[in-house]
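Colleague: Reminder that position 33 of the sequence shown reads as 614 in my numbering, one-by-one numbering, no gaps.
Ideal Cβ positions, reconstructed from N, Cα and C, are used throughout, including at glycine.
Fair warning: this is a prediction, and the values are worked out from it, not measured in the lab.
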Amino acid sequence: MIIKHKKQNNAGYTLVEVVVAVAVFLIVATAIYDGYTSLLKMITSTRLKTVAIALANENLEIARNLPYDSVGLTDGVPIGTLFHFSTSTRSGVEFSVQLSVQNIDDPFDGLAGSDLLPNDYKRVEVDITCLACANFTPFSASTYIAPDNLER
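#1: Identify the residues that DSSP records as bridge partners of E675: which are they?
#2: Can you give the beta carbon distance from V707 to A722, rounded, assuming they're within the 8 Å contact cut?
#3: For F606, which three-state DSSP category applies?
#4: A612 to L621, Cα distance in whole Å?
#5: For C714, which option in F666, I660, K630 and L636 has the closest C-alpha, if you only look at C-alpha atoms?
#6: Could you check where the beta strand (DSSP E) with D708 kicks off and where it finishes?
#7: Whole angstroms is fine: what's the gap from T710's alpha carbon to T618's?
#8: Compare the C-alpha of V682 against each of F676, T662 and G673 and name the closest.
#9: Starting from the Cα of T658, find the closest Cα among K703, K585, S672 and Y614 and give me that residue.
#10: According to DSSP, Y725 sits in a beta bridge with which residue or residues?
#11: I need the DSSP call for L641, collapsed to helix, strand or coil.
#12: Ignore the nearest five residues each way along the sequence and tell me which others in L641's own chain have a CB closer than 7 Å to its CB.
#13: According to DSSP, is V600 helix, strand or coil?
#14: Pull up the distance between the alpha-carbon of T668 and that of F676, whole angstroms please.
#15: Whole-angstrom Cβ separation of L636 and R671, contact assumed at under 8 Å?
#16: Alpha carbon to alpha carbon, how far is S651 from A644?
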């Protein structure tokens, strides 16, 4: 009696091979998706920060171009033409702009009491916030503004 052995056909995939392949694919796809979403968040954050810096610079330039006596707040001390709080829309995003102005007495020429003109220059600070933006870090910038030929 001759026994014939059947040749087995191993051309297909087993269930274990399919499960392992799907698991590897899911791990790679999840890593790519996480990288893509992180990149989009970083781009959005950078764009918002750039717009906030430009808005702060715009407000500081407005203050620098005013006559020295007009550098101040409409509702504060020193009195001037700048608004303490305003909102601006840039690139479709609404930012809140908060300005503060302080008189500075420089000790170089003497302090108040011994100095005839104690308010030597002004410090203007601008704070930019975006309330509708997720993960937006508020931005602050400041500048000093001195009058022309006040003291020599």
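Modeller: Taking the structure as given:
#1: To locate residue 675, count along the sequence shown from 1; it is residue 94. According to DSSP, which records beta bridges pairwise, E675 is partnered with T670.
#2: By one-based count along the sequence shown, residue 707 stands at place 126. By one-based count along the sequence shown, residue 722 stands at place 141. The pair is a contact, with the Cβ atoms about 6 Å apart (cut-off 8 Å).
#3: Numbered from 1 along the sequence shown, position 25 holds the residue referred to as residue 606. F606 falls in the helix class under three-state DSSP.
#4: Counting from 1 along the sequence shown, the entry for residue 612 is found at position 31. Counting from 1 along the sequence shown, the entry for residue 621 is found at position 40. A612 and L621: Cα-Cα distance of roughly 14 Å.
#5: As a working mapping, residue 714 is identified with position 133 in the sequence shown. Between C714 and the set F666, I660, K630 and L636, the nearest pair of CA atoms involves K630.
#6: The residue you call residue 708 lines up with position 127 of the sequence shown. In the DSSP assignment, D708 falls within the unbroken beta strand (DSSP E) covering Y702 to T710.
#7: For the purposes of this step, residue 710 is taken as residue 129 along the sequence shown, with counting starting at 1. For the purposes of this step, residue 618 is taken as residue 37 along the sequence shown, with counting starting at 1. Distance between T710 and T618, taken at the CA atoms: about 24 Å.
#8: Along the sequence shown, read from residue 1 onward, the residue named residue 682 stands at position 101. Checking every option, the nearest Cα to that of V682 belongs to T662.
#9: In the sequence shown, the residue the question calls residue 658 occupies position 77. In the sequence as displayed, the identity of residue 658 is Val instead of Thr. Measuring from the Cα of V658, the nearest candidate turns out to be K703.
#10: To locate residue 725, count along the sequence shown from 1; it is residue 144. Y725 pairs with R704.
#11: Along the sequence shown, one-based indexing puts residue 641 at 60. Of the three classes helix, strand and coil, the one that applies to L641 here is helix, per DSSP.
#12: Position 60 of the sequence shown, counted from the first residue, corresponds to residue 641. Around L641, the same chain offers V705, V707, A722 and T724 as residues with beta carbons nearer than 7 Å, after the five sequence neighbours per side are excluded.
#13: Counted from its first residue, the sequence shown places residue 600 at position 19. Per DSSP, reduced to three states, the secondary structure at V600 is helical.
#14: If you number the sequence shown from 1, residue 668 lands on position 87. If you number the sequence shown from 1, residue 676 lands on position 95. When rounded, the distance between both Cα atoms is 6 Å.
#15: Within the sequence shown, the letter at position 55 stands for residue 636. Within the sequence shown, the letter at position 90 stands for residue 671. So it is a contact: roughly 6 Å between Cβ atoms.
#16: On the sequence shown, residue 651 is found 70 positions in, with the first residue counted as 1. On the sequence shown, residue 644 is found 63 positions in, with the first residue counted as 1. One alpha carbon belongs to S651, the other to A644, and they sit about 9 Å apart.
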